[in-house]
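Here the structure comes first, spelled out in structure tokens, and everything after it is commentary.
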Amino acid sequence: MPSKQYWKSKFDKWYSKNEMVFSGIDQIWSDQSLKFKEFWSTKILNPENEVTQADLEDVIRILDTKGRGNIDAELKAVASLYLRQNMQEELIRNIKNTPKKIELLDQFFKSASDEERINAINELQNFESSNRVAKLTTVYGVFLNAIAYAYDPAEHVNIVSIDKEKRAIDKFEIPIDFNPDRVSYGELLVKANRVILDFFRKMGVNAHTYVIGAFVWAVLNSESEPGNEIVGVFNFERYLGEFLFKNWDQIPEFRKHKILTEDGESTGIEYNAGSGRIDILAIEEGSGDYLVIELKRNQTSDAVAGQILRYVNWVKNNMAGNKKVKGLVIAGDIDERLRLSLADRKDIKLMTYEIDFKLHNVNS
31 MPSKQYWKSK FDKWYSKNEM VFSGIDQIWS DQSLKFKEFW STKILNPENE
81 VTQADLEDVI RILDTKGRGN IDAELKAVAS LYLRQNMQEE LIRNIKNTPK
131 KIELLDQFFK SASDEERINA INELQNFESS NRVAKLTTVY GVFLNAIAYA
181 YDPAEHVNIV SIDKEKRAID KFEIPIDFNP DRVSYGELLV KANRVILDFF
231 RKMGVNAHTY VIGAFVWAVL NSESEPGNEI VGVFNFERYL GEFLFKNWDQ
281 IPEFRKHKIL TEDGESTGIE YNAGSGRIDI LAIEEGSGDY LVIELKRNQT
331 SDAVAGQILR YVNWVKNNMA GNKKVKGLVI AGDIDERLRL SLADRKDIKL
381 MTYEIDFKLH NVNS
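Each residue of the sequence shown is one higher than the last, beginning at 31 in our numbering.
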């Protein structure tokens, strides 16, 4: 079991390589949180003021790195939510039009104790379960966690997916006094965030919560641990995955497919497949057949063949029923070993990507 000193050393080494990336992060999130609180108090809490389309786009740019109009938003938005823009707009409108939701969320934001916050979220879940409304209390809770972070970044880590919080608890072997699979929704949402933040604070990490979240993300999404080969904050596969997600409908090869969703959340991103994570899991419209997508940075090796076949077989055995399952490997280059390994597999396709980088003059 790695000690706190072990993780503190890893964090310090990682942060030394990324310190300039996070320059000014305290002021950035002081400003962003102030903007969100102003939106909450003037637009949501005040029944006399309507929420305009411009308001929606402004607040989503605070919440989602992929929000419409966001440019260079890695540090100025909570996280990548993998929720469509129109879905986020619907969630905000539904909050505005549902007094009970406003009441419970306001309690959640402003309560002094975790117990009160847990009770507010449990009551919110019960309300959403018994009423036909756009749900915030979904299985991954990304939008709910995102607005919680935007309201009070000092008390939250911007790991917005409950699933990733559970993975972080396992990866860092954080001691907990609750069973994540048996507690109430409110307990899981509040306590998972609390134990992660406390774990880093108690080991002497005094960095901004956004930095802590970035480190956790780097650990969870890297094949090697931070502080060794990792230099950047986020790995390449994440960027490629985000690009595909954001431009999904414009990519001809994907027009017949939709990323797997649940309660409006794109659950097909980094899908839990038992012994690993499927980068993207999509479903073909009409047929319902599955497409397993594996993303790789540069040249691939024949080891990738075993990985994609394992994921394809897992989906066949655990999800597909009588539906077909195909695989797709997308990489910067495909080497001969991988081609030979999959030569007789007509259900596995290999593709390379190409990055088109252009500069445009905007001041003449």
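Don't be surprised by glycine CBs; every beta carbon is placed ideally from N, CA and C. Just so we're clear, the structure is a prediction, and the values are computed from it rather than from any experiment.
First and last residue of the alpha helix (DSSP H) that includes R212? Looking at the DSSP string, R212 is not in any alpha helix (DSSP H), and its letter there is neither H nor E.
For R197, is the classification buried or exposed, using 16 other Cβ atoms within 10 angstroms of its Cβ as the cut-off for buried? buried
For the beta strand (DSSP E) containing M381, list its first residue and its last residue. 378-382
Do Q155 and Y215 have their C-beta atoms within less than 8 Å of each other? yes
Which residues in the same chain as E255 place their Cβ atom closer than 7 Å to its Cβ, once the five residues preceding and following it in sequence are excluded? With a pLDDT of 41 at E255, under the threshold of 50, the modelled position of that residue is not reliable, and the figure given next carries that caveat. K40, V249.
In chain order, what residues of the same chain have a beta carbon less than 6 Å from the beta carbon of F264, not counting five sequence neighbours either side? Its pLDDT being 41, under 50, F264 is placed unreliably by the model, and nothing is read from it.
Starting from L250, trace the alpha helix (DSSP H) both ways and give me its first and last residue. Annotation: the continuous alpha helix (DSSP H) that includes L250 extends over 239-250.
Could you tell me the boundaries of the beta strand (DSSP E) in which L75 lies? Counting along the chain, L75 falls outside any beta strand (DSSP E), and DSSP gives it neither H nor E.
Given that a residue counts as buried once 16 or more other Cβ atoms are within 10 Å of its Cβ, and exposed if not, what is I189? buried
In whole angstroms, what is the alpha-carbon distance linking L358 and G306? Between the C-alpha atoms of L358 and G306 there is a straight-line separation of about 16 Å.
Whether I92 touches A107 by CB criterion (8 Å): yes
Measuring alpha carbon to alpha carbon, tell me which residue in A180, P77, L321, E153 is nearest L105. Checked all of A180, P77, L321, E153; the closest Cα to L105 is A180.
Quick check on G271: buried or exposed, where buried means 16 or more other Cβ atoms within 10 Å of its Cβ? buried
Span of the beta strand (DSSP E) around E324: 320-325
Taking the beta strand (DSSP E) that L311 falls in, what are its first and last residues? 307-314
Q62, buried or exposed, once every other Cβ within 10 Å from all chains shown has been counted against 16: buried
Per-residue DSSP class, three states only, for A109: strand
Thinking L113 and V163 are a contact (beta carbons under 8 Å), I'd like their distance in whole angstroms, please. With a Cβ gap of about 16 Å, L113 and V163 do not count as contacting.
Could you give the distance in angstroms between the alpha-carbon of K379 and the alpha-carbon of H287? 15 Å
Do you know offhand how far A398's Cα is from S317's? Outside the displayed span of the chain (31 to 394) sits residue 398, for which this structure offers no information.
Exposed or buried, G99, counting other C-beta atoms within 10 Å across all chains shown (16 or more means buried)? By the C-beta density criterion, G99 is exposed, having fewer than 16 other C-beta atoms within 10 angstroms.
Starting from I177, trace the alpha helix (DSSP H) in both directions and tell me its first and last residue. 172-181
Nearest to I74 (by Cα), restricted to the options N277, N127, Y45: The residue with the shortest Cα to Cα distance from I74 is N127.
Starting from I299, follow its DSSP beta bridges and name the residues at the other end. DSSP output for I299 lists I310 as bridge partner(s).
Residue-level contact to chain C via CB, L174, 8 Å cutoff: In the structure shown, chain C cannot be found, because there is only a single protein chain.
What is the rounded straight-line gap between the Cα of I148 and the Cα of L219? 8 Å
Tell me whether K288 sits in a helix, a strand or coil according to DSSP, three-state version. K288: strand per DSSP, three-state reduction.
Take the Cβ of I281 as the centre, count every other Cβ of all protein chains shown within 10 Å, and call the residue buried at 16 or more, exposed below. exposed
Given that a residue counts as buried once 16 or more other Cβ atoms are within 10 Å of its Cβ, and exposed if not, what is A335? The residue is buried, with at least 16 neighbouring Cβ atoms inside 10 Å.
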